[in-house]
Each structure stands twice: as C-alpha cells, then as structure tokens.
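Residue numbers (our numbering): 314 to 1254.
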C-alpha cells in the first residue's frame, strides 16, 4: 500500500535571513546604521535646498521696500465726453470700493495681498500750485501739492487736531500730516486754493484736521512718501531755487472735486503682496503671473473693471528676477558638492558590500561548491540586505521629514501650501537603499560565478590584471578623460547634463585609476633595498603593504573623491570669506572709518588724538576728501567732463595703511611735500603737487602738470604713480596728494586701524561731536551686511555639511579598508609574537603597512583638487554667494574661485593621520586579545 504525502517527515529548514541576522547581529546593525545615515543625508538634501530657497524668496519679497514691491493699478478718470455728473458718480467711494474688490479677485495665482495695506482712491498725476500768498515760498516759488483721496485713512493715522475730512465735490475737505502742517504752516480751518481746470476761479480745499501717520514704512505711506512728509525740491536750471512739495489728503467723498483741478487725476488701486504662502518652486509661476497682469490676458480682465487705460506697475518682477539670478548662480556651485558627496557615499556602500563578501568568502565558496545556484545565492543575499536596508531607509525618510521642516507659513496662509514635496526625498532614500541592497548580491555572484577552491595570495605588488580588467579600466579612463576634455572645450556652462557638477568625480576617478596602476611600482622598488635594512619592522611593513588586495580601487577612489570634494568645498568657502573681507575693506578703507554726514564737514578739533588714544587702536590716518573735482583733459579741451575725488593724506600713516591693506601701496617718498602749502601760498596757482592717480584719471591728465580748481585750493598736479585702488576712496577716479601741500587744509575723515570696539569708538566720537553728527562705519559690520539672503547662508551651510559628510565618509572608508584585512593582521601579529616580535614592533608594522595607501590617497586628493579648481574656476563666480548685491553695485566686480592651500593640504594630512591612528588602535586591540584562536592548527589564513 503506497504511503500518502502526509506520511513524509517534514524537512527542518531554518529561514536563511533570520538565521544570518541572528548569527551576525553586529554586521547587520553596522549596515543598518550606515544606510540610515546615508539615506538620511540623501533624503534631507532636497528638503534643505527647498527650505532655503523658499526662505530666500520670502525674504526678498518681505524685506523689499513697499514702493518697489507694491502692485499699483492705475487708470485715467472718465473723459470729457461724459457729463460731469456721470464722471463724478464714477469716482464715488462705493464705485471705487466695488472696483477694488473685483480687481482683488482677478489677481492671478500665486499672487496674494495683505488686505490691511490695500488702498484705493483718486490722485493727481501732476502736482498743482498752491495759490495762497501765505504759503511758505523759500525762493519765491509757490509750493506744489499732490491731491489724493486714499481709502482707510482713519485706520492708518491718529488724529492730532481738528477732525477727519468729509466734504462734498462742491466743498472738498482734506487733512494734512503733522510734518506737512509744520512746514507749510497749515492748521484746521486753513483753506488752500489750487488752479481750476475749466473756470478761472480756483478750487478751495478746506483743511479740517492734522493727523499723525501710523507705520510710516508701511505700504500705505511708503509707496508715496510725499503723503506723509513734505519735501524741499530744487528747480533745474542755471540758478538753483527751492520750493515745497506736499500732499493734501482729500476725503473720498470729495474725490470727484479733483476732476475740476489741473492735476490730471487718475484712479489707483494699491496692493501689497505677501510671500508667506510662497515656496521657491513658485518663483517661475509668480514671474509668469506678473507678466500676464502687466501685459497679458490678466491685464485684459483688469481693464474690463477699471477701464481701457488700466496699467499695472510694480517692481516685484525685478525682485523675482534678482532672486532667480542668485539661485542660478548658487545652484551649480552647490551641485558640485552634492555630486561629490553622493559619489563618496556610493563608493563607501560598495566597500561595505565588498567587506561582507570577503568575510563570507569561504562560506559562499563552500555553498557554491556543493551545488548552490548563483540565482539562489543572490536572492538569499538580497533578502538579507533588504531586511536591513529597507527599514533603515524608511526610518531615514521619517527622520528627514521630522528634522528638516519647511519655513513656517504666515498667519493667513492656507494649511499645507508651503510643504516640501516628499517625492525627491523618497527617490534619494530609495537609491541609497537599492545600492546597499544590491552591492552584496552582485559582488558575491560575480566573485563566485564558478565554483573554486581556496584562493591563493592576492598580492598587490605581484598582481597582473587580466585582459578583461585592463580593457574595462581603459574604457572608463577614456570616457572620464573625454568628459573632462569636453568640459574644458565647451566651457563651464551647465547645459543640463550636469557634466560641470560631476567634474570632481570624474577627476577623482581618473586619479584613482591611475594611482592604483602606479601604486605597485614603488612597492616593488622599495621591497628589495628594504631587505637589507636592520630590523624586521621596515621589511615586514613593506611586505604587508604588498600583500594587500589588488582590488584596492574602491578605498582609494573613496578617499580621493572625499579629498577632492573637500578641497573644492573649502576653496569655495575660503573664496567667499576672502571676497567679503576684501569688499568690506575696500568699502570702509580700514577697520573703521569716521566721516562727516555732510560733504566737506571738518572733524572736531582733538578728535584724531582722542581716537588714537582709544583702546585697541593701532593707527589713525587723517584724510581730507573733496568729491566731484573737475579734471581737465591733457589732449582735448572739448572732451566730455570728468570728475573725481581729491584725497589729501598724511604720507607716513597713509602708506602704512596701503601696505597693511594691500590696496595700491606706494612709498611715502612719492608724495614728499613741496613745502608750498597753506593760505599764504594761495596766490601761487602754478605750483606743482605730486599725485598718485587711478588709471582713468592718469590717462585723463597725461604726463604734464594740469591745473585743477578745488575748494582746497588752485594748483597743478603731476601724476607720479598709478594705482588701481586706494583705501580712502572706493571708486575708480581719484587723486591722492600730500595734504600739507593744499591751500585750505582740514581733516574731513579718519581711517582707523586696529581691533577697536565699535561702541567704544562711537562713544569717543559722540563726545567730540558739535552740531553735525559724525557717522562711524565699522568693517566688521559692513562684512556682516553682505550676508543678506537665506540663499547665501543656506548654500554655505550646505557646503559646510558637505565637507563634514565627506570627512565622515572618508573615515568610514579608512575603517572599512582596515577591517577588510583585520583578521589576517590579527593572525600575523599572533604568529610573529611567537617568534619574538614585541607588541610595540607589531603596532609599528601595522601602522606603517597602512600608510602607503593613505599617502597615495592624500597625494591623489591634492592632485585632483589642484585640477578640479582651475577646471571649474572660469565658470564659477562666487560674487552672488559672497555678496548680497549684483555686480556693478559693489566695490568688487567679481569673486573668482581659487585653490585654497589649507583646503588642499589639511584634509590630505588628516587622512594620513587618521589612517595611522586607526591602524595603531587596531594593533593595540589585537595585542591585548588572546592568541589561542589565531594559533589553532589547520588555519588556512
């Protein structure tokens, strides 16, 4: 009778994954930790970039002046073809409020506005004259008024006298601010007459009250400052005359009266945009929305509400363009660090898989020799790594979401509008998990693609790469060299293939492959003479270095990539710091600068001596600066006018300052005094004074003495030296002369050198001030002002994090490289100790054994950095990353990238020291442990 299936005994099969994880829990935990850290960095990167780009956009819009960022829609008032009653009806408060609400609903997304700062009404485009003779007239010219009826006046002001205006079109009423009332002698009950448009009878506006503006910097008052503060304007002509400009704030009910004036009234609707709901991804959509509202389909919709002459004006599009240009300048620089650290992380993960393959080589060879298929081995190993990598990557994404949060939205933002997309973080963490999962199965399958016995020695010095390996290396090398050559030929503009960003990786790959091929040669050359040395440490260390695995490309590649990325990142940070230092020093001229708030303001007597006695002051350089000096032309008397700054200096202290700053140094003897200075030689206008000039001024004046007329005297100057810059003046047109040779000598400025405290220096200056305040400018404060945008600070933090992550991965690479041969080294020390080798000698052997590859990696990293920085330097301008302004508006026109010696040498030396320390620590630990296990009989190692 046949046995049924249920009678067969069940096979006891232990689950592979659970068994392996229980057998080697520390290895699984180490892999999980590495995947967790790497996936966290990968998942946090896009979130951090999105966060600082969002902060940058919100910062630029939120800190812009209201006059620049405000959206102002204007339209002409109804034409004369309509009856006056109809025209007045179209300017009533109810009609304008309805238009305001409709316009607000038509603003295209993602534009949003602050309703508290919105305003609408009627205003005169052309200022009208005040006809009353009692109005102040500084030079006999009548004051001019802007007539405006802004809505919400009571919500943005405080009544100080009288009452708020009401009135009618026939009897218009208005209020004025406290400053306007003070300067133009207005008060409640005053009547201001302005010219009428139709009849000769003027239009009378009765002032009913005086108000105090609330929030003078807000959009309500800041768009048109004349609403709150009168201005003394000057006429343009042969004779300069001054007159007052001010505003009469008419009641909305009286707004139709503006149609009867000569001021050419128009309706206006003002909206202050808010940015609390915006993200960096909205910049392009916002630019398109503004273009549409200014001259596209949305403008057509707006004109259907306000009339066919409606036009939208704003400077918000310029803010968006400036933000976009800064982001475009910064993103490629950040991408270089991202590519470099990503490559280092991928190599370290590959090294981890290689370590596991080496540790389990005998186990996998045994399984393979007993008939296990490659597919079965690969799938089981994939299950092992998946059980570790997938949960670690998932946890990393959760940590990234929890720790890297989006900027807080504003109080009126819709919940969820500013969230950071999760997909980039998921894709980055998934990529890390896939690399960690696939490295071990793939390397095991390749290594055991056919059954083999115990392998022999894999000496690096005696290794002969196979033809297949040589062809593969040459192929990769040719591709990398071709990519770098293409990059050099086409320039450093990234065309979308990210070849520029991958330049450090390509250069590091080339350096690592070449160094791996070159590395055996010095070992072979040094091994023979080392045998003649006394003692066993040197020969054994070289022999051990030669016994290293011939597959040493990955550790070397990881270290070279980490070093080249650190060198590039350090050069970027050093270049940014240097650009800010130079820009601040050129703007101030020294560590501190004291100038009069008004040109040609003499410094108080005794101030120079008091400043020199202040704690921390090393030197003080007095200056006499006169701006706008007309410069004659040596070649053409009809040449275009040119002006420059005349700087009178004390040659001794000033030349010390130029030597200290490096800005146009020259010997003091060039400006030796002629002995002809002071008021007693005022009549001698033909005396010649030596001068140091800028290139443009020197070209203008020529080689012969030229006569110049200044407030400091009339004399001739002869250019004796040309310098492109000078500390006293940040511009490009200047003449530096000996102050003792001037006719009218005085001190109008002071340059201070030393580590002086700003508050202490200001206290000394304030104690000497008389009537005119003397501003004190500090170089440290100027430098800090250059970091203005979160885009700048975010990119800098990204580079600091990249350098830190690169250092961490480099340490991991060193440890993985040492751990790969740790069992063999432990066995070696145990056996050598039985032959009389001391523990100190054993530690020296292991330390010296690890140094050749570390030195090779250090040399390769330095060479790769030296190649990468000049390769990318022509297309990398650190100006926007360093300075919060655009080229042409700062004292520096560019901030080129240069190789920083400390960034090149520091990480390289650190790698060598860390390797030596790790090898010494391993030898110390091995020396403390028992040798019974390593000395057992039959060990094949």
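Think of the CB as a built atom: it goes at the ideal place given N, C-alpha and C, for glycine as much as any other residue.
Taking the Cα positions, residue 514 is about 55 Å away from residue 1090.
With a 10 Å radius around the Cβ and a threshold of 16 neighbouring Cβ atoms, residue 617 comes out exposed. Less than 9 Å separates the beta-carbon of residue 1158 from that of residue 1236. As for any alpha helix (DSSP H) of minimum length 4 sitting wholly inside the segment 540 to 617, the runs are 596 to 608, ordered along the chain. One alpha carbon belongs to residue 945, the other to residue 371, and they sit about 49 Å apart. Residue range 1019 to 1023 is occupied by the beta strand (DSSP E) that includes residue 1021. A residue is called buried once 16 or more other Cβ atoms fall within 10 Å of its Cβ, and residue 710 is buried on that count. With fewer than 16 other CB atoms across the displayed protein chains lying within 10 angstroms of its CB, residue 512 is exposed. For residue 353, the enclosing alpha helix (DSSP H) covers residues 338 to 375. Take the alpha-carbon of residue 576 and the one of residue 526: they are about 24 Å apart. No Cβ-Cβ contact shorter than 9 Å links residue 966 with residue 1004. For residue 939, the uninterrupted beta strand (DSSP E) run begins and ends at 930 to 943, by DSSP. For residue 1090, the enclosing beta strand (DSSP E) starts and ends at 1089 to 1091.
Non-local beta-carbon contacts of residue 655 in its own chain, meaning distances under 8 Å to residues more than five positions away in sequence, involve 355 in chain order. Here the C-alpha atom of residue 509 lies approximately 29 Å from the C-alpha atom of residue 626. Looking at the DSSP output, residue 388 sits in a beta bridge with 580. The alpha-carbon of residue 402 is positioned some 14 Å away from that of residue 619. Taking C-beta separations shorter than 7 Å and ignoring five residues to either side along the sequence, the partners of residue 470 in its chain run 524, 525, 526 and 527, following chain order. Residue 564 sits buried, since 16 or more C-beta atoms from the chains shown fall within 10 Å of its C-beta.
Between residue 959 and residue 1023, the beta carbon gap of about 6 Å places them in contact (Cβ cut-off 8 Å). Between residue 789 and residue 821, the gap from beta carbon to beta carbon reaches 9 Å or more. One alpha carbon belongs to residue 1031, the other to residue 923, and they sit about 35 Å apart. DSSP, read as helix, strand or coil, puts residue 450 in coil.
Across the set 751, 642, 603 and 735, the C-alpha of 751 shows the shortest separation from the C-alpha of residue 665.
For residue 1031, there is no enclosing alpha helix (DSSP H); the enclosing beta strand (DSSP E) covers residues 1026 to 1035.
Counted as a single uninterrupted DSSP element, the stretch harbouring residue 756 is not any beta strand (DSSP E) but the alpha helix (DSSP H) occupying residues 736 to 760. In this structure residue 1184 is not in contact with residue 1212, their Cβ atoms being roughly 11 Å apart against a cut-off of 8 Å.
Checking the DSSP bridge columns, you'll see residue 488 partnered with 522 and 562. In this chain, residue 686 is not harboured by any alpha helix (DSSP H), its DSSP state being neither H nor E. Under a 10 Å Cβ-count criterion, residue 1176 is classified as buried, with 16 or more other Cβ atoms of the shown protein chains found around its own Cβ. For the 9 Å CB-CB criterion, residue 433 and residue 460 do not form a contact. Shown here, residue 661 sits in a helix according to DSSP, grouped into three states. Within the model, the alpha-carbon separation for residue 547 versus residue 454 is close to 10 Å. Close CB contacts of residue 415 within its chain, under the 6 Å cut and outside five residues either way in sequence, are with 618 (chain order). DSSP links residue 1063 through a beta bridge to 907 and 935.
By the criterion of at least three beta-carbon pairs nearer than 8 Å, the segment 1208 to 1222 is not in contact with the segment 1102 to 1111.
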